[in-house]
Structure formats: C-alpha cells, structure tokens
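In this note's numbering, the protein residues as written are 1 to 245.
Rendered as structure tokens:
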C-alpha cells in the first residue's frame with residue numbers, strides 16, 4: 001500500500017564493523033575514566049603528571065616517587081590500564097588492516113584530519129551510498145542540520161537536530177575542531193578560512209559544527225564518486241565549497 005517507508009538494514013559486514021567500533025569506543029572511554037580518577041587522587045596528594053599520551057600514562061606514573069599507600073590505591077587501575085592499552089592497540093591494528101583493504105575507507109582518509117576511526121565509522125554508517133539522494137540527506141541523517149520552527153509567515157531555525165549517530169557527529173565535530181585549531185596548509189586552507197569567517201561572526205563552537213556539516217557532505221561525495229580528496233577541482237574551484245553547494 002505504500003503506507004510505510006522502507007527501513008534500511010545494514011549489511012552483515014558493516015554491522016560487524018560497527019560492533020568493533022563500539023567496543024573500541026567503550027575501551028577508550030573506560031581508559032579515560034581510569035586516568036581521570038588516578039589524576040584526581042594525585043591532585044589530592046599534591047602530585048602533577050607531565051603531559052603525554054594516554055598510552056604512556058602508566059610509564060609516566062612509574063617515574064613518580066609515590067607513597068606506598070597511594071601506590072596501593074592506584075595499582076589495580078594501572079593493571080587494568082595496561083590490559084586496556086593492549087586491547088586498544090589490537091583494535092587499532094584491525095582498523096589499519098581495514099583501511100588498507102577497503103578502498104572507500106582509504107579514500108576518506110585523504111581528507112585532512114579524517115583518520116582511520118572516523119573514515120571507518122562513516123562508511124559503516126552510510127553502508128549503501130546509493131540510498132541517499134544527495135549530501136543534504138546525509139547531513140540530516142547525522143543530525144547536523146538545524147531544527148525547523150518555521151510557520152507560514154516566518155522562518156525560524158534552532159540548534160542542530162542531533163538525530164542519527166552520535167558517534168559520527170562527534171567524530172566529525174572533532175575533525176572540525178582540529179582544522180580550526182591547527183595551522184592551515186595547502187589542503188586545509190580553504191576549509192579553515194571558511195570556518196574562521198563563521199567563527200568571527202558566531203564563535204568557534206558554531207564554526208566547528210558548520211565545518212562538521214560540510215565534511216559530512218564531502219565524505220559522502222567521495223564515497224559516491226569513488227574519488228580522493230583534492231583541495232581544488234579542475235576549474236580551480238574549492239572542492240569543499242562545491243560539494244557544500
């Protein structure tokens with residue numbers, strides 16, 4: 001009868017990849033919680049750690065001359081952190097293998113700031129690129145478009161809808177922040193310049209979200225056209241700007 005819209009069921013491969021990403025995300029979040037707790041215990045005793053990555057956290061802790069009591073308090077967490085780091089490294093190796101074997105994921109990593117996790121998660125969420133008519137549908141699918149409060153006489157838009165995958169949305173926003181906060185190069189100049197114009201008017205937070213929305217359209221176009229990222233098209237027009245039109 002046509003009363004219901006057809007629901008898309010992801011392929012078995014992409015469901016497996018989503019599961020792998022969810023497990024990795026949970027492990028990374030758990031590791032962060034452990035590190036925050038240990039740092040809070042250090043602050044209580046007046047200790048400060050030198051800066052560094054999460055992977056090297058345990059090694060940096062070993063360099064401190066902690067009291068036996070504090071050492072016994074954090075020892076269980078350090079043991080768990082070591083095991084978590086090993087499992088996260090194993091998950092990262094799987095993602096690296098996937099990037100090398102999946103040409104679509106590999107194409108997406110050609111976009112500045114888009115790493116293997118973001119590219120893999122985006123492809124897994126899109127699954128079949130043909131089910132989207134254009135980039136606007138993709139942006140809406142990931143909740144990166146403004147909510148509508150319009151009437152017949154007035155057009156009003158609110159904050160982004162935040163529909164769809166929270167993971168994809170947060171990853172794209174994180175990429176946007178990276179482009180804004182780092183010095184621009186030949187690949188990121190047009191994107192960063194565009195975002196900074198928005199930041200000058202409305203602040204960096206809104207600019208980062210706007211950049212995430214633009215990146216969603218760019219990644220969709222690369223999947224659809226099976227091409228790699230290039231800052232300029234043949235006509236000299238910025239690829240990012242053309243895709244966002």
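The beta carbon of each residue, even a glycine, is placed where N, CA and C say it ideally should be.
Every value quoted in this text rests on a predicted model; they were computed, and no experiment measured them.
Status (buried if at least 16 other CB within 10 Å, exposed otherwise) for residue i
| i | result |
| --- | --- |
| residue 76 | exposed |
| residue 50 | exposed |
| residue 220 | buried |
| residue 118 | buried |
| residue 217 | buried |
| residue 215 | buried |
| residue 133 | exposed |
| residue 197 | exposed |
| residue 23 | exposed |
| residue 135 | buried |
| residue 222 | buried |
| residue 195 | buried |
| residue 235 | With a pLDDT of only 39 at residue 235, under the threshold of 50, the placement of this residue in the model should not be trusted; the figure read from the coordinates follows. It is exposed - the Cβ of residue 235 has fewer than 16 other Cβ atoms within 10 Å. |
Test item: CB-CB of residue i and residue j under 8 Å
| i | j | result |
| --- | --- | --- |
| residue 109 | residue 17 | no |
| residue 82 | residue 58 | yes |
| residue 144 | residue 91 | no |
| residue 84 | residue 30 | yes |
| residue 41 | residue 79 | no |
| residue 167 | residue 55 | no |
| residue 14 | residue 127 | yes |
| residue 88 | residue 28 | yes |
| residue 129 | residue 201 | no |
| residue 142 | residue 107 | no |
| residue 8 | residue 93 | no |
Pick from the options that is closest to residue i, judged by C-alpha positions
| i | options | result |
| --- | --- | --- |
| residue 125 | 50, 112 and 139 | 139 |
| residue 186 | 111, 122 and 219 | 111 |
| residue 192 | 134, 170 and 113 | 113 |
| residue 146 | 161, 137 and 229 | 161 |
| residue 21 | 134, 98, 203 and 197 | 98 |
| residue 95 | 188, 69 and 122 | 122 |
| residue 67 | 45, 230 and 159 | 45 |
| residue 227 | 5, 105 and 48 | 105 |
| residue 181 | 164, 163, 203 and 165 | 203 |
| residue 10 | 194, 86, 65 and 19 | 19 |
| residue 115 | 188, 172, 64 and 70 | 172 |
| residue 60 | 190, 39 and 72 | 39 |
Contact with chain E by residue i, beta-carbon distance below 8 Å
| i | result |
| --- | --- |
| residue 102 | The structure shown contains no chain E; it holds only a single protein chain. |
Bridge-paired residues (DSSP) for residue i
| i | result |
| --- | --- |
| residue 146 | 160 |
For this session: Would you check if the stretch 205-215 and the stretch 175-182 touch, i.e. whether three or more CB-CB distances between them fall below 8 Å?
Result: yes
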